[in-house]
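Q:
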Amino acid sequence: MQVCRLLLSGWLLLASCWVWGDEVLLRLVHGNGEVIRSFTRSELAALPQHSFSTITAWTQGSNRYRGPALARVLEGTGAHRVQLVALNGYRHELTIAPFEQFPAILAMSENDTPLTRRNKGPLWLLLPFSDLPALKTPENEAAMVWQLITIEVTE
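Per UniProt numbering, residue 1 is the first one in the sequence shown, and the count goes up by one each step.
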């Protein structure tokens, strides 16, 4: 009986480490699927963080978002065009050049609360629509992929 309890407690400890471990949140891949780089939450959090408050079509009121700049995450990949891929399979093709001119971030938190799959996380590409209203176009809104898990470099 004690052996069973010991085994069960050991298994629970391992399971909790797996659940709460620093899992990969984002993969940068080539079009052929070859992984360029993977980022864990702590690796993304170690990059310079940017924040802004904005109103989106998908949330209520103004919220403050924080995360690394898209340009910084893509640094060194030579990307000109990418496919943003969400957890549910949604894909959006994006030309990088226009997004280098604006503070596009991979939001990791909303109002200082980490984004989770239940609230559009763990990563959500966002632009500061409230600060720069000219950015609020149907094309840019379509690019605001939430539950982002992969960025595929196509060019």
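Glycine included, each C-beta is placed from N, C-alpha and C at the ideal position.
Measuring CA to CA, which of 126, 23, 112 and 95 is closest to residue 42?
A: Checked all of 126, 23, 112 and 95; the closest Cα to residue 42 is 23.
Q: Do you know offhand how far residue 64's Cα is from residue 106's?
A: The alpha-carbon atoms of residue 64 and residue 106 are separated by roughly 13 Å.
Q: Apart from the five residues just before and just after residue 36, which ones in its own chain have a Cβ nearer than 7 Å to its Cβ?
A: Closer than 7 Å at Cβ, skipping near neighbours: 28, 29, 30, 77 and 153.
Q: Starting from the N-terminal side, write out each stretch of the alpha helix (DSSP H) that is 4 residues or longer and does not extend beyond the segment 77-113.
A: Within the segment 77-113, the complete alpha helix (DSSP H) runs of at least 4 residues are 96-100.
Q: By how many angstroms is the C-alpha of residue 117 removed from the C-alpha of residue 71?
A: One C-alpha to the other measures close to 23 Å.
Q: How big is the Cα-Cα spacing for residue 40 and residue 58?
A: When rounded, the distance between both Cα atoms is 26 Å.
Q: Can you list, in chain order, the residues of its chain with a C-beta nearer than 6 Å to that of residue 67? Leave out the 5 residues immediately preceding and following it.
A: Taken in chain order, the residues that qualify are 105, 106, 107 and 108.
Q: When you compare the CB positions of residue 52 and residue 133, do they come within less than 8 Å of one another, or not?
A: Contact flag unset, no.
Q: Comparing alpha-carbon positions, which option in 46, 49 and 38 lies nearest residue 148?
A: For residue 148, the nearest C-alpha among the options comes from 38.
Q: Sort 111, 95, 113 and 119 by Cα distance to residue 139 and report the nearest one.
A: Answer by Cα proximity: 95.
Q: In the DSSP assignment, what residue or residues form a beta bridge with residue 60?
A: Per DSSP, none; premise fails for residue 60.
Q: Only counting the same chain, and skipping five residues up and downstream in sequence, which positions put a Cβ closer than 8 Å to that of residue 13?
A: For residue 13, the predicted structure reports a pLDDT of 45, less than 50, and the residue's modelled location is therefore unreliable. The matter cannot be settled from this model.
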